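2 protein chains.
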Amino acid sequence: MGLGKRIDFGDAKYAGVDVPFSCSIQDSLESALLCGFDFIMSPLVHPRYRRPAPSALPRGTFQPPFTRSDLLLTSAQWSGQVVGKVSSWIDCDSASPALRRDSQAALVQELGWAAHLSLQAVVLPPPPQHAANYARILNHTLGGLATMSMWVRIPAAAAPAPAPSGGGDNGGGGHAGTSTACVDPWELWNQLRFLCHHHPRLAVVLELGADLPAEDNLHRWRGEPLKAVLVPTSVFTTNKRGYPTLSKRHQDFLSDCFRRGVQVVLSGNAQHAPPPEAAPSGGAAARGLDGAVAAVAAAVAPLQANPLRVYWEYLSYIFRKIEATSEQEVLEMGYRDFLQSPLQPLQDNLESQTYETFERDGTKYSTYEEAVYRCLLDRVPQEEAESRTTVLMVVGAGRGPLVAASLRASVRAKRQIRVFAVEKNPNAVVTLQNRLVADGWQGTVTIVPADMREWQAPEQADILVSELLGSFGDNELSPECLDGAQRFLRPDGVSIPQAYTSYLQPITSHKLWNDVRAHDDIEHFETPYVVKLFKFHPLAPTQEVFTFEHPNRDHCIDNTRSACLRFDCTTAGGAVCHGFAGYFDAQLYEDVHLSIHPPTHTPNMFSWFPIYFPLRLPFHLPQGARMEVHMWRCEGQHKVWYEWAVTEPLTTCIHNPGGRSYYVGL
Amino acid sequence: MGLGKRIDFGDAKYAGVDVPFSCSIQDSLESALLCGFDFIMSPLVHPRYRRPAPSALPRGTFQPPFTRSDLLLTSAQWSGQVVGKVSSWIDCDSASPALRRDSQAALVQELGWAAHLSLQAVVLPPPPQHAANYARILNHTLGGLATMSMWVRIPAAAAPAPAPSGGGDNGGGGHAGTSTACVDPWELWNQLRFLCHHHPRLAVVLELGADLPAEDNLHRWRGEPLKAVLVPTSVFTTNKRGYPTLSKRHQDFLSDCFRRGVQVVLSGNAQHAPPPEAAPSGGAAARGLDGAVAAVAAAVAPLQANPLRVYWEYLSYIFRKIEATSEQEVLEMGYRDFLQSPLQPLQDNLESQTYETFERDGTKYSTYEEAVYRCLLDRVPQEEAESRTTVLMVVGAGRGPLVAASLRASVRAKRQIRVFAVEKNPNAVVTLQNRLVADGWQGTVTIVPADMREWQAPEQADILVSELLGSFGDNELSPECLDGAQRFLRPDGVSIPQAYTSYLQPITSHKLWNDVRAHDDIEHFETPYVVKLFKFHPLAPTQEVFTFEHPNRDHCIDNTRSACLRFDCTTAGGAVCHGFAGYFDAQLYEDVHLSIHPPTHTPNMFSWFPIYFPLRLPFHLPQGARMEVHMWRCEGQHKVWYEWAVTEPLTTCIHNPGGRSYYVGL
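Structure below.
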């Protein structure tokens with residue numbers, strides 16, 4: 001039924017519950033569903049059934065079925081409502097050869113059984129400190145999986161997991177506690193993931209304890225394939241009415257997980273029994289359940305007999321109280337972590353639809369309007385307002401939004417302007433020509449169907465207005481275009497934008513890297529992508545990369561650049577680097593900026609997503625490591641491209657040599 | 001003309017000489033050739049011609065030719081007798097933007113010119129400590145090279161290179177001295193090489209100083225693409241007759257280089273002028289030049305006017321005095337660093353030629369003979385020598401060498417034997433049947449055309465003799481075959497071999513890794529190769545991996561294995577690991593061993609080369625690092641394979657999961 005009605009958090013609305021290996025899995029499932037949960041996490045084999053490997057038995061030894069029949073549930077139930085749990089006695093890296101042998105055989109058997117049931121996911125015990133053999137078996141199995149995911153159980157904190165709370169199959173927690181104490185559990189995950197070569201179906205279920213680790217330690221998981229969070233009943237505290245409740249930090253972390261589509265799974269036995277006088281519906285109302293839900297709650301009153309119901313209600317409360325998603329977030333949802341190739345505005349003509357999308361960004365154009373407005377006021381004193389006409393050239397006018405913004409600025413500033421709208425795309429020129437009539441631009445606006453780098457202007461401009469910036473500032477050839485257009489800018493003329501700077505930071509993003517890897521070639525690893533970063537974690541504050549200023553009156557203009565950036569990665573504990581996120585901040589005019597650089601991001605502007613520069617191989621960044629990154633902006637006769645490499649803490653190859661995989665055509 | 005007549009060191013016989021940018025390159029070349037050298041190393045452009053980048057010049061600026069004409073020499077001379085030298089003022093990573101810009105343009109220009117001349121190689125200045133931009137330009141150029149190699153000049157020791165000794169173009173040495181002091185020059189090379197992604201045409205010319213670094217520091221270069229050694233005249237000392245001579249360590253290092261096909265290039269001005277009374281031919285004779293060469297030397301006496309002649313003579317003397325290559329080394333020369341796929345003796349039938357090669361290994365069969373001899377003596381006391389016949393089964397008899405060895409052992413031991421020769425290859429059986437008659441085996445030998453795992457033996461054997469070992473011991477399925485054959489071994493019977501152990505060690509081997517990489521797929525990186533290791537450097541002593549004993553009377557035989565090996569890499573300075581070398585040591589009987597494990601290698605045995613397990617990506621091993629390696633021997637229903645991974649100092653993926661790229665069919 002879901003934790004609430006909102007659908008903007010994807011699968012996160014479906015909560016699960018960890019159940020013991022009971023006599024009847026049907027009853028377990030039915031009871032969990034009635035209680036409100038949407039799936040159960042159930043052992044695949046009785047957790048105490050430690051069986052010898054078949055190879056260790058004399059030939060012909062009778063072997064009973066190792067677990068119960070798949071006929072107990074329908075295929076739809078197995079695949080939609082059950083997550084399997086691998087036996088926690090399994091220790092493939094045990095010092096005991098017999099336990100190793102039996103563990104390997106049992107692990108292969110249980111994973112095979114889970115795949116046979118077409119489960120969506122199977123939960124695996126936490127890796128011990130040395131887990132190479134464990135990794136080998138997972139890696140092998142991953143190679144043959146069609147759809148099933150593996151969720152490796154990782155304790156959120158290094159401290160020993162809480163003692164098993166009476167559940168029959170909680171041995172896994174104890175196991176993790178003994179063998180991983182003092183080792184950052186993230187490191188265990190990280191080694192397993194590297195050994196399995198970052199397999200896209202190897203994921204994490206994070207097991208919360210009563211104490212949560214430091215904030216940025218938790219945040220590392222934002223860039224990792226975190227699929228679910230395991231919340232033991234033992235981490236709940238009791239409020240004064242006898243109900244289970246979570247600490248503020250737990251609540252915040254859970255909310256953050258929900259927002260990122262991470263599911264929650266409750267584990268352990270009920271440890272709270274609210275007094276009977278606190279009627280369920282009353283309890284619900286007390287926490288702000290709305291009327292409709294309270295009514296539903298009352299209708300299912302008999303089912304409140306399930307002692308886990310109070311926990312489900314609390315989880316549902318957390319889920320529902322998260323603030324509504326903003327309209328912009330809803331619009332962007334479909335673009336989250338979706339890799340797009342950057343535009344090639346010079347080579348290709350944009351489509352009508354692309355113009356439409358960009359034109360919708362009201363913030364962007366009102367900021368341009370403000371920049372033109374201020375510039376007009378600065379250039380033309382009040383006393384010349386009537387007598388002097390400012391010549392404004394919009395280079396790359398598209399379907400006219402900057403023309404319109406400039407005209408609005410002129411009206412507001414009470415300054416006369418004459419506008420040349422230069423546009424090379426013949427299709428956009430059609431729109432401009434129609435707007436000339438429809439919007440009454442005649443007499444003020446001249447439409448010029450030409451490439452700004454070649455057009456012979458009939459007069460010189462006071463102001464050159466352009467919107468040629470890409471996500472990384474200069475990556476859509478704004479420098480080259482404006483250098484070409486500044487021929488017809490007066491010596492005291494102004495370019496809007498006046499300058500722009502790109503920024504970079506290293507990030508963890510398992511998803512983006514794997515999406516690049518899926519193409520299975522080098523080219524895609526040497527291409528930057530425009531992407532709405534979502535499941536990612538920045539590893540250090542951004543740093544400036546390249547700056548361009550316009551007009552550029554240098555004797556010989558050189559738009560190549562190189563930068564050597566040093567990042568001090570402050571994340572508590574180690575992290576993994578999958579590449580770099582890039583942004584820009586543009587100074588349109590004086591202190592009027594357009595920015596997608598996180599610290600100064602222009603509010604409500606959606607025209608640009610960040611850029612992502614991948615690395616061919618992710619690398620491990622030990623705690624406190626310094627990273628040294630090189631970025632180059634290179635130029636050939638017909639193209640511009642970036643190259644990048646890391647030289648600390650290790651040296652990678654230089655990506656995209658000579659622009660072999662990615663370039664922007666001039 | 002070459003340093004000597006021997007041709008077993010390949011190109012090493014051709015020595016070069018560093019020449020200044022003289023007025024006439026023809027004269028320089030002619031003089032060098034007359035002096036004995038085979039090529040010159042010449043600046044491509046006048047070393048003091050620091051020119052501004054064309055992009056920094058106003059348009060239309062007249063630019064003179066940047067260097068002399070290519071018509072001065074023939075194409076054959078340029079490509080066969082000239083190695084180009086890039087200007088040493090070039091510093092692409094300079095803090096000065098102007099110098100960076102000019103350097104980049106000049107480097108691209110000079111490399112382009114060298115490629116235009118079809119030079120075999122171009123010598124590059126030593127990389128400064130931060131050389132990312134330098135690497136970027138090399139990397140880009142490497143991508144477009146057809147045949148030319150780049151030799152990066154690397155000082156052998158961290159100390160500043162000797163001051164330029166009057167040569168006009170020796171600025172490079174000073175440059176290296178100032179910017180690389182205290183940094184291990186190997187690290188500079190290593191970073192450059194990683195940035196250029198281990199390009200096969202990026203190589204090293206090592207510049208010797210008066211002081212050589214520690215022995216194992218020098219030995220690191222054995223696994224690197226070392227193409228030439230630069231010997232400045234300043235490192236020569238003077239003997240009591242006034243002739244130049246080198247220290248013992250320099251001599252040894254040069255000899256080692258010659259043996260590995262590394263060329264020598266003399267640099268600097270003559271600093272030794274032997275007194276006229278010591279006539280040239282006398283000087284040569286004093287150092288043991290043979291009569292013929294002395295005669296030649298006398299014939300060219302007028303040319304001795306060249307003051308570098310005494311150095312050439314000394315180099316020639318070092319070259320010629322290296323001990324003769326052994327017959328076995330000559331035989332193996334063609335196999336050096338040549339990757340071969342291991343045999344699949346069960347799946348494929350060996351060819352006649354393969355049998356012939358193996359049968360030539362007299363040492364191997366006399367060792368087998370000794371093992372059988374000792375075993376016969378141990379099993380049959382003198383008093384039963386006449387009355388008791390030992391049943392000996394040769395499983396995998398091939399064309400009969402082990403049958404013959406066993407018969408010789410029986411004669412020597414004066415013990416009666418009856419031999420069953422079991423062979424599954426029907427073609428080899430033809431040879432056996434012919435030998436039965438030709439070698440008089442009738443009555444003693446029974447030929448059994450069958451697979452030893454299926455044959456129903458008519459009686460039980462006392463001794464099972466086999467030669468099923470691969471380079472890594474168990475890698476040609478000896479364990480599986482012998483387990484299948486031991487059914488017909490008496491309970492007190494003996495297997496020859498009784499046991500075998502594999503060994504592993506991490507190595508540097510740029511060549512092998514690049515040859516694997518040339519296939520451009522993952523499969524080849526997940527395959528072990530049989531290879532006569534030559535240009536390699538072991539990074540730590542070997543460690544035991546897997547041991548098998550025969551017969552194996554275990555209740556349930558398990559031939560899977562796993563090993564976690566920890567290597568303490570003791571190389572002075574850092575090193576790079578390209579994978580692992582594997583060996584075996586087999587106990588044939590008691591203390592009779594066959595071994596290719598370096599510390600115990602059976603002398604003069606050539607049947608097995610080591611095995612090489614590659615890594616998908618080489619990694620840098622800092623000085624004193626510990627390495628942790630996992631090896632698995634895995635078994636499926638129809639195949640056996642290895643998997644391997646590194647978990648310290650970094651974690652690699654597990655290679656060959658599930659035997660996807662390489663396996664041996666059962």
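Protein chains in written order, with UniProt numbering: chain A, 1 to 666; chain B, 1 to 666. Yeah, the Cβ is synthetic: ideal placement off N, Cα and C, and Gly gets one too. All of these numbers come straight from a predicted model, not from anything done at the bench.
- Excluding five sequence positions before and after A:P426, the CB atoms of its chain that fall closer than 7 angstroms to its own CB belong to P449, given in chain order.
- Under the 8 angstroms criterion on CB atoms, B:Q623 is classed as non-interfacial with respect to chain A.
- Residue pairing from DSSP leaves A:H597 without any beta-bridge partner.
- Close partners of B:G658 in chain A (Cβ separation under 9 angstroms): N139, H140, T141, G143, G144.
- Taking the CA atoms as reference points, B:H250 sits about 10 angstroms from B:I318.
- Cβ-Cβ distances below 7 angstroms link A:C196 to A135, L138, N139, L142, L202 in the same chain, with the five nearest sequence neighbours on each side left out; the list follows chain order.
- Closer than 8 angstroms at the C-beta level to chain A, one finds these residues of the region 48-69 of chain B: S55, A56, L57, P58.
- Per the C-alpha coordinates, the member of A:P65, A:C556, A:S316 positioned closest to A:A15 is A:S316.
- Distances from the alpha-carbon of B:C35 to those of B:T431, B:L266, B:C481, B:T600 put B:L266 closest.
- For chain A, the residues of the region 643-654 of chain B that bring a beta carbon within less than 9 angstroms of one of its beta carbons are E643, A645, T647, L650, T651, T652, C653, I654, in chain order.
- Proximity of the region 9-29 of chain A to the region 59-74 of chain A meets the contact definition, three or more beta-carbon pairs being nearer than 8 angstroms.
- DSSP, reduced to helix, strand and coil, places B:K248 within a helical segment of the structure shown.
- Our two residues, A:V629 and A:E648, have alpha carbons roughly 7 angstroms apart in a direct line.
- Assignment of B:S466 by DSSP, reduced to helix, strand and coil, places it in the strand class.
- Nearest CB-CB separation between A:R136 and chain B: below the 8 angstroms threshold.
- Its Cα nearest to that of B:P599, the residue B:S502 stands out among B:S502, B:L666, B:T570, B:G223.
- Contact annotation for B:A132 against chain A: C564, H630, A645, T647 [CB-CB distance below 7 angstroms, chain order].
- If only uninterrupted alpha helix (DSSP H) runs of at least 4 residues are considered, those enclosed by the region 349-397 of chain B are 352-359, 362-379.
- H555, C556, D558, S562: these are the residues of the region 551-562 of chain B whose beta carbon lies less than 8 angstroms from some beta carbon of chain A, given in chain order.
- Between A:F613 and A:G582, the alpha-carbon positions lie close to 8 angstroms from each other.
- If the five residues before and after B:P603 are omitted, its C-beta is found closer than 8 angstroms to the C-beta atoms of T363, all from its own chain and listed in chain order.
- For the region 184-195 of chain A, residues whose beta-carbon sits nearer than 7 angstroms to a beta-carbon of chain B comprise Q191, F194, L195.
- A:W78 carries a helical assignment under DSSP once its states are collapsed to helix, strand and coil.
- For the region 102-124 of chain B, no residue has a beta-carbon sitting nearer than 8 angstroms to a beta-carbon of chain A.
- With a contact defined as Cβ atoms closer than 8 angstroms, A:S478 and A:V395 miss out at about 10 angstroms.
- In the assembly as shown, B:M631 is a buried residue. Its beta-carbon has 16 or more other beta-carbons within 10 Å.
- Where B:Y311 is concerned, the enclosing alpha helix (DSSP H) starts and stops at 309-321.
- Runs of alpha helix (DSSP H) with 4 or more residues, each lying fully within the region 183-248 of chain A, are found at 185-195, 215-219, listed in chain order.
- Contact between A:S118 and A:W78 holds: their C-beta atoms lie close to 6 angstroms from each other, under 8 angstroms.
- Sorting B:P64, B:A575, B:V82 by C-alpha distance to the C-alpha of B:L72 places B:V82 at the top.
- Close CB contacts of B:L212 within its chain, under the 7 angstroms cut and outside five residues either way in sequence, are with A156, A157, L218, R249, H250, F253 (chain order).
- Excluding sequence positions up to five before and after A:F488, its CB lies within less than 6 angstroms of the CB of A457, Q460, A461, all in the same chain and listed in chain order.
- In summary, B:I7 is exposed, with fewer than 16 beta-carbon neighbours lying within 10 Å of its beta-carbon over all protein chains present.
- Per DSSP, the beta bridge partners of A:S502 are A:F584.
- From the beta-carbon of A:L212, no residue of chain B is found nearer than 7 angstroms; the closest lies around 27 angstroms away.
- At least one CB atom of chain B sits nearer than 8 angstroms to the CB of A:H620.
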